[in-house]
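Enquirer: Chains as they are written, first to last, in the working numbering: chain A, 309 to 456; chain B, 309 to 456. Structure provided below as structure tokens; questions to follow.
2 protein chains.
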Amino acid sequence: MKSERTYTISELAREFEVTPRALRFYEDKGLLSPRRDGMNRVYSHRDRGRLQLILRGKRVGLSLLEIKELLDLYKVDQRAQAQAALKKYQARIVAFEAQREDIEAAIEMLHENIEKLKTFLEKSASPAALGAARAFEQEAKKRLEDAH
Amino acid sequence: MKSERTYTISELAREFEVTPRALRFYEDKGLLSPRRDGMNRVYSHRDRGRLQLILRGKRVGLSLLEIKELLDLYKVDQRAQAQAALKKYQARIVAFEAQREDIEAAIEMLHENIEKLKTFLEKSASPAALGAARAFEQEAKKRLEDAH
DNA sequence: GTCAAAGTTGACGCTGGCGTCAGCGTTACG
DNA sequence: CGTAACGCTGACGCCAGCGTCAACTTTGAC
């Protein structure tokens, strides 16, 4: 018997910087189901893990419903469901990889803009600042147009 | 004189699979500002570029307000603002990289689950089902590769 | 005993991001 | 000429995801 560590609702809330209200809400929506000690919720290590997944899901833009579906796929123990689960996983991966490409494109764009800004700032240390400003503006416009 | 190509609201909406209502909404929020021909909106190539950036921003989980702020950074033409812009860009990059890690973790998790499901299916499957599983695998690979 | 801290269940409120009318004007066709 | 297709501006509606009470209980410290 390990007599695992457990968490109260506010402990978990603090740790992950959400409110207790949010945790109850997730429970309401079927994403969490902590045990009870009388009325009080008692979160296990596994519940904590699920919460992590929930929050990660949110950060990458999934709705609570979508997160629930993914979490529910863990419960697969029937073969028919396993086939369906496989498909869903696969589809999710495709979507995530597209999203990662979006993010990488965004990062790259920001990096380029930073470079432009830096050279702009260097130049404008000299008296030729006004011309550099114009140049930057032109560049920025071009980049907007070239966004294919 | 190039007399550039322009777009009507519904053309642009169809192309990007959003509704005209959404485009008007973005305008309301200051993310787009197409010219007018009388009452009618006339979208330029640049407007189209901005729209792409807006939609990409949405896909990676930014709010319209955040997207607007990023777009507004293009307008930098004052040195004081350039410094601030630099900071914002850098902060965004940090956030995006964290998000990319989240996504990569999610993808990895899904891959692991898929492995589990596959071995489960192979073990518990009749020869027929096993064949089906292999077939699915082929399909899945194709789909991944075709996702450009 | 009592007081604060932490828990509970409703129930209503608010924000973001549009959807969905209603009511109206403008070409453009047959 | 009607009417269909497209556009416009309000203005209200709707859902997700909690925030924010209210009203009450349970627990531990003093």
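Each residue gets a CB set at the ideal place from its N, CA and C atoms; glycine is no exception. Remember, it's a predicted structure, so these values are computed and weren't measured experimentally.
Which partner residues does residue 344 of chain A have in the DSSP bridge list?
Expert: Locating residue 344 of chain A in the first sequence gives position 36, where the first residue counts as 1. Partner(s): A:349.
Enquirer: State the start and end residues of the unbroken alpha helix (DSSP H) segment that holds residue 318 of chain A.
Expert: Against the first sequence, residue 318 of chain A aligns to sequence position 10. That run of the alpha helix (DSSP H) goes 317 to 324.
Enquirer: Residue 313 of chain A lies in the alpha helix (DSSP H); which residues open and close that run?
Expert: Counting from 1 along the first sequence, the entry for residue 313 of chain A is found at position 5. Counting along the chain, residue 313 of chain A falls outside any alpha helix (DSSP H), and DSSP gives it neither H nor E.
Enquirer: Mapping DSSP to helix, strand and coil, what is residue 365 of chain A?
Expert: For the purposes of this step, residue 365 of chain A is taken as the residue at position 57 of the first sequence. If DSSP states are grouped into helix, strand and coil, residue 365 of chain A belongs with the helices.
Enquirer: How should residue 402 of chain B be labelled, buried or exposed, when 16 other C-beta atoms within 10 angstroms of its C-beta is the threshold for buried?
Expert: As a position in the second sequence, residue 402 of chain B is number 94, starting the count at 1. Exposed: under 16 other Cβ atoms inside 10 Å.
Enquirer: Who are the Cβ neighbours of residue 375 of chain A in its own chain at under 6 Å, not counting the five residues just before and after it?
Expert: Against the first sequence, residue 375 of chain A aligns to sequence position 67. The answer, listed in chain order, is 362, 365.
Enquirer: Do we get a CB-CB distance below 7 Å when we pair residue 418 of chain B with the residues of chain A?
Expert: On the second sequence, residue 418 of chain B is found 110 positions in, with the first residue counted as 1. Yes, contact with chain A.
Enquirer: Let me see if you follow: with CB-CB separation under 7 Å, is residue 333 of chain B close to chain A or not?
Expert: As a working mapping, residue 333 of chain B is identified with position 25 in the second sequence. For residue 333 of chain B, the nearest beta carbon of chain A is not closer than 7 Å to its own beta carbon.
Enquirer: Pull up the distance between the alpha-carbon of residue 349 of chain B and that of residue 368 of chain B, whole angstroms please.
Expert: Taking the first residue of the second sequence as position 1, residue 349 of chain B is located at position 41. Taking the first residue of the second sequence as position 1, residue 368 of chain B is located at position 60. Their backbone Cα atoms lie some 28 Å apart in a straight line.
Enquirer: Does the Cβ-Cβ distance between residue 314 of chain B and residue 352 of chain B come in under 7 Å?
Expert: Counted from its first residue, the second sequence places residue 314 of chain B at position 6. Counted from its first residue, the second sequence places residue 352 of chain B at position 44. Yes.
Enquirer: So which of A:373, A:370, A:371, A:393 has the shortest CA-CA distance to residue 381 of chain A?
Expert: If you number the first sequence from 1, residue 381 of chain A lands on position 73. Checking every option, the nearest Cα to that of residue 381 of chain A belongs to A:393.
Enquirer: If the criterion is Cβ atoms closer than 7 Å, does the pair residue 404 of chain A and residue 415 of chain B meet it?
Expert: On the first sequence, residue 404 of chain A is found 96 positions in, with the first residue counted as 1. On the second sequence, residue 415 of chain B is found 107 positions in, with the first residue counted as 1. Cβ distance < 7 Å, so residue 404 of chain A and residue 415 of chain B count as in contact.
Enquirer: Any residues in the segment 404 to 415 of chain B with a beta carbon nearer than 9 Å to a beta carbon of chain A? Which ones, in chain order?
Expert: Residues are counted here when their Cβ sits less than 9 Å from a Cβ of chain A; for the segment 404 to 415 of chain B these are 404, 405, 406, 407, 408, 410, 411, 412, 413, 414, 415, given in chain order.
Enquirer: What in chain B is Cβ-close to residue 369 of chain A, meaning under 8 Å?
Expert: Walking along the first sequence from the start, residue 369 of chain A turns up at place 61. Within chain B, the residues near residue 369 of chain A are 367, 368, 369.
Enquirer: Can you have a look at residue 373 of chain A and say buried or exposed, based on whether 16 or more other CB atoms are within 10 angstroms of its CB?
Expert: Locating residue 373 of chain A in the first sequence gives position 65, where the first residue counts as 1. By the 10 Å Cβ count, residue 373 of chain A comes out exposed.
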